[in-house]
Amino acid sequence: MRVGIVLGSDSDLETMLETVKVLEKLEIGHEVVVASAHRTPQRTEEWASSARLARPARADRRRRRRRRAPGRGGGVVVLPVIGVPIASTPLNGMDALLSIVQMPKGVPVATVAIGSWGAANAAILSAQILAQSDAALAERLAAYRRALSDEVEERARRVGRQAADAVRRRGSSPMTRVVSVDARTPAPAALADAVAALRAGGESSRSPPRRSTASAPPR
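Structural data, given as structure tokens:
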């Protein structure tokens, strides 16, 4: 086991399953523990201490929804600690986010986004830390990032096809122009190209066959 996921309550599991999913895709061993820093502080400290003593090669991934949990772990161990704020209070997780990022000097706790996005990013950040000394994991992580990029490009192409079909069904409209933007082109160049195409009323000069399509009103 290389990553520990500490839940403040079993109700947090639904959100933190996003962490588990990413870790499993990356083939990283992990452990899920329920230990409340408020209601079972001794157990939490014992687990955090044993994490370093029993598993010196692992990176510690801890999180909890309320104040003190990631901070308590960060104060006990010298392993990396990542806090995932959970939107389980009337403040929708903002209280958890602020309590984690405002750790005192000398006790750093990395913080990610509130909720499921943060849970997934915490797993990726853990993988990036571990990959610094694990070449095989670094390769798996790179492949995972490429798969995410391919997924975004496929979604862009699908939206482009849907937009182009909608324009064709409506027929020519002076209020709609279709401009292709290549997701692989650097953002400033792609944006400048799209704006120039809209102003000219024509197709982008950088439009290879694989570009996505979007509709926008003329300038």
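Residues 323 to 541, numbered by the numbering used here, are exactly what the sequence shown covers, in order. Think of the CB as a built atom: it goes at the ideal place given N, C-alpha and C, for glycine as much as any other residue.
Pick from the options that is closest to residue i, judged by C-alpha positions
i              : options                        : result
alanine 448    : Val403, Val423, Gly428, Gly415 : At residue 448 the sequence reads serine, which differs from the alanine that was named. Checking every option, the nearest Cα to that of serine 448 belongs to Val403.
aspartate 349  : Leu459, Gln484, Arg480, Ala486 : Position check: residue 349 holds glutamate in this sequence, whereas aspartate was assumed. Measuring from the Cα of glutamate 349, the nearest candidate turns out to be Leu459.
tyrosine 466   : Lys343, Ser421, Ile436         : Lys343
serine 410     : Val489, Val429, Asp332, Gln450 : Asp332
tryptophan 369 : Pro412, Ala488, Leu401, Lys347 : Leu401
alanine 357    : Glu346, Gly330, Asp334, Leu345 : Gly330
lysine 347     : Arg462, Ser438, Gln484, Arg491 : Arg462
asparagine 414 : Val481, Pro426, Arg492, Ser438 : Ser438
aspartate 416  : Pro426, Gly440, Asp487         : The displayed chain sequence assigns methionine, not aspartate, to residue 416. When only C-alpha atoms are compared, the closest one is Gly440.
Beta-carbon proximity of residue i to residue j, cut-off 7 Å
i              : j              : result
valine 434     : valine 406     : yes
valine 355     : valine 328     : yes
leucine 419    : isoleucine 436 : yes
isoleucine 422 : valine 429     : no
Local conformation of residue i per DSSP, three classes
i              : result
leucine 329    : strand
isoleucine 446 : helix
threonine 337  : helix
glutamate 349  : coil
glutamine 454  : coil
glycine 482    : helix
lysine 427     : coil
glycine 415    : coil
valine 400     : coil
serine 410     : coil
valine 342     : helix
Bridge partners - residue i, DSSP secondary structure assignment
i             : result
histidine 354 : The sequence shown places valine at residue 354, not histidine. For valine 354, which the question treats as bridged, DSSP gives the partners Ile327.
glycine 405   : Thr433
Proximity test, Cβ basis, 7 Å: residue i and chain C
i          : result
valine 342 : The displayed structure is made up of one protein chain only, and chain C is not part of it.
For this session: Decide if the segment 427-445 is in contact with the segment 330-338; the criterion is three or more beta carbon pairs, one per stretch, under 8 Å apart.
Result: yes
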